[in-house]
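Undergrad: Chains as they are written, first to last, in the numbering used here: chain A, 29 to 141; chain B, 25 to 135. Where a beta carbon is used, it is the ideal one built from N, C-alpha and C, also for glycine.
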């Protein structure tokens, strides 16, 4: 089985721009979660999608949004980028029965200048 | 805030068992204990989880105390490739669960 894939792997943007990151879950997985990882704050939960609906949301501003498509692929969008948004963005997928063993992708490294 | 406490770092000799402790004194009856690890520059990797019974899989063993206030992850024969940050997380398994990640334990396997 192919693992979780994320594109792009690296991205450089300037302040004020917006960015869209993509995640393809493991085949058959319907839950996709997004995390932000920074050296200072560690891994922080952004949101989770299940069957195209946002089911859980972390404590991030509205500039961070996401969506999930009918094939379970997910995208997250960050608008009006700030320097503090520089981070590794990780996507994880879980199986149909919602067991919490999550399988992570390699992440997208976003640098905001 | 994370509901777990782990030592920030540990060393272990290659070939020996690595025992990583985790305190979760406020764990609720319906919360599971999960262990993940993150090797440098990679996404986290699921290792094992348990509720109250000890668990074993091909990667590791999980020992949970009877009062469930602490647990230990055991890597039976550590190799250099086991060098990573190990995260202990407690979470429910219902639809509202969130994995709240602490700082983890940086495990260094030494030759």
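Nearest by alpha-carbon distance to residue 136 (chain A): which of A:43, A:46, A:51, A:45 is it?
TA: In the first chain, residue 136 (chain A) corresponds to position 108, counting from 1. Comparing Cα-Cα distances from residue 136 (chain A) to each of A:43, A:46, A:51, A:45, the minimum goes to A:51.
Undergrad: Taking residue 125 (chain B) as the query, report the chain A residues whose CB atoms sit under 9 Å from its CB, ordered along the chain.
TA: If you number the second chain from 1, residue 125 (chain B) lands on position 101. By Cβ distance, chain A contributes 63, 65, 70, 71, 72, 73.
Undergrad: What's the C-alpha gap between residue 126 (chain A) and residue 61 (chain A)?
TA: Translated into positions along the first chain, residue 126 (chain A) becomes position 98. Translated into positions along the first chain, residue 61 (chain A) becomes position 33. Since pLDDT at residue 126 (chain A) reaches only 48, below the 50 mark, its modelled position is unreliable, and no value is offered.
Undergrad: Let me confirm a value: residue 113 (chain A) is counted as buried when at least 16 other C-beta atoms fall within 10 Å, else exposed. Which label applies?
TA: Taking the first chain and counting its residues from 1, one reaches residue 113 (chain A) at position 85. By the neighbour-count rule (16 or more Cβ atoms within 10 Å), residue 113 (chain A) is buried.
Undergrad: Does residue 39 (chain A) come within less than 8 Å of chain B when only Cβ atoms are used?
TA: As a first step, residue 39 (chain A) is located in the first chain; it is residue number 11 there, counting from the start. No - not a single Cβ of chain B is within 8 Å of the one on residue 39 (chain A).
Undergrad: Helix, strand or coil for residue 111 (chain A)? Go by DSSP, reduced to three states.
TA: Along the first chain, one-based indexing puts residue 111 (chain A) at 83. Of the three classes helix, strand and coil, the one that applies to residue 111 (chain A) here is helix, per DSSP.
Undergrad: Could you tell me whether the Cβ atoms of residue 37 (chain B) and residue 99 (chain B) are closer together than 8 Å?
TA: For the purposes of this step, residue 37 (chain B) is taken as residue 13 along the second chain, with counting starting at 1. For the purposes of this step, residue 99 (chain B) is taken as residue 75 along the second chain, with counting starting at 1. No, the Cβ-Cβ distance between residue 37 (chain B) and residue 99 (chain B) is not below 8 Å.
Undergrad: By alpha-carbon positions, which one of B:93, B:126, B:73, B:79 ends up nearest to residue 31 (chain B)?
TA: If you number the second chain from 1, residue 31 (chain B) lands on position 7. Scanning B:93, B:126, B:73, B:79 for the CA closest to the CA of residue 31 (chain B) turns up B:126.
Undergrad: Do we get a CB-CB distance below 8 Å when we pair residue 101 (chain B) with the residues of chain A?
TA: Taking the first residue of the second chain as 1, we reach residue 101 (chain B) at position 77. By this cut-off, residue 101 (chain B) is not an interface position.
Undergrad: At a CB-CB cut-off below 7 Å, which residues of chain A make contact with residue 67 (chain B)?
TA: Position 43 of the second chain holds residue 67 (chain B). Within chain A, the residues near residue 67 (chain B) are 118, 132, 133, 134, 135.
Undergrad: Between residue 86 (chain A) and chain B, is any beta-carbon pair separated by less than 8 Å?
TA: Within the first chain, numbered from 1, the residue matching residue 86 (chain A) stands at position 58. Residue 86 (chain A) counts as touching chain B.
Undergrad: Taking just the CA atoms, how far does residue 98 (chain A) sit from residue 57 (chain B)?
TA: Residue numbering aside, residue 57 (chain B) sits at position 33 when the second chain is read from its first letter. Residue numbering aside, residue 98 (chain A) sits at position 70 when the first chain is read from its first letter. Going by the C-alpha atoms only, they are around 31 Å apart.
Undergrad: Could you give the DSSP three-state label for residue 106 (chain B): helix, strand or coil?
TA: Looking up residue 106 (chain B) in the second chain gives position 82. In this structure, residue 106 (chain B) counts as helix in the three-state DSSP scheme.
Undergrad: Under 7 Å Cβ-Cβ, which residues of chain C neighbour residue 129 (chain A)?
TA: Any reference to chain C falls outside this structure, whose protein chains are A and B.
Undergrad: So the beta strand (DSSP E) residue 134 (chain A) belongs to, where does it begin and stop?
TA: Here residue 134 (chain A) corresponds to residue number 106 of the first chain, with the count starting at 1. Where residue 134 (chain A) is concerned, there is no enclosing beta strand (DSSP E), given that its DSSP letter is neither H nor E.
Undergrad: What does the Cβ neighbour count give for residue 67 (chain B), buried or exposed, with the cut at 16 atoms within 10 Å?
TA: Within the second chain, numbered from 1, the residue matching residue 67 (chain B) stands at position 43. By the 10 Å Cβ count, residue 67 (chain B) comes out buried.
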